[in-house]
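At position 97 of the sequence shown (counting the first as 1) the number is 595 in this note's numbering, and the numbers step up by one without a gap.
Read the structure below first, then the notes.
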Amino acid sequence: MYLPRRALCCLFVLALASPSTRAEAAFITGTIGFNDDTTTANTTSVNTATSFNFLSGTPPMSALRTVGNGTGSFAAITAGTIVDSTPLQFTSSPFLTLTLGTSSFFAGTVTGDFNIPGTNFRTVTLSGNITSSVNAFDPTPARFIIQLNQVGGPGTTIAFAGTIAASAVPEPASLGLFGIGTAGVLGLARYRKRKANA
């Protein structure tokens, strides 16, 4: 059964013009920045290290990894809040876990490890999810960009700065409307092709 061109066009216009209803799912939005000036590496050089430790003391405690700023869902978090962290390591997943109150960021993938020899500077990009232990929000995809700087060269303190940016999942209603609109366009194209060949 083929729909007339007018019906296909109406379907497409309705799909694009219909207001999107907000889904029940609540995702994290915005960004949050961190600072840490006591980072250590498993080698003496930031450029050759295969893991970075953000814990210090006996027993291990959170070092000076603190919240610097936040936007969106993170805007209410006070600057200077200490964040618990596992070491950043490149051998097994999760590569890093950050815990802030009842939420945690689990890094499941290293998407980029930019290391320029001789600069004593390194950038690592991690992808993962932010989750809540009290179900305050839905698991939210996020990317964590870490910058490690060793100003004095091998053997000296490694400074850290990083930002987590949340990437909220599209609402199901929006995806449904997009699908309807796409189907309308494809249907119209097929209709025109058949009419041209007739």
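Glycine included, each C-beta is placed from N, C-alpha and C at the ideal position.
Predicted model, so just to flag it, every value in this text is computed and none were measured.
* **residue 526 to residue 619 span [Cα, whole Å]** => 30 Å
* **Extent of the continuous beta strand (DSSP E) to which residue 639 belongs** => 638 to 647
* residue 581: first and last residue of the uninterrupted beta strand (DSSP E) it sits in -> Counting along the chain, residue 581 falls outside any beta strand (DSSP E), and DSSP gives it neither H nor E.
* Can you name, in chain order, every residue of its own chain whose Cβ lies under 6 Å from the Cβ of residue 547, other than the five neighbours on each side? -> 539, 540 and 541
* To do: Determine the closest residue to residue 648 out of 642, 593 and 617, with distance taken between C-alpha atoms.
  => 617
* Option in 601, 585 and 624 with minimal Cα separation from residue 611 -> 624
* To do: Please report how far the alpha carbon of residue 671 lies from the alpha carbon of residue 640, in whole angstroms.
  => Since pLDDT at residue 671 reaches only 47, below the 50 mark, its modelled position is unreliable, and the value read off the structure follows with that caveat. Going from the Cα of residue 671 to the Cα of residue 640 covers about 22 Å.
* Asked: What residues in its chain sit with their C-beta under 6 Å from that of residue 568, if we drop five residues either side in the sequence?
  -> 530 and 575
* Asked: Per DSSP, residue 657 is paired with what?
  -> 647
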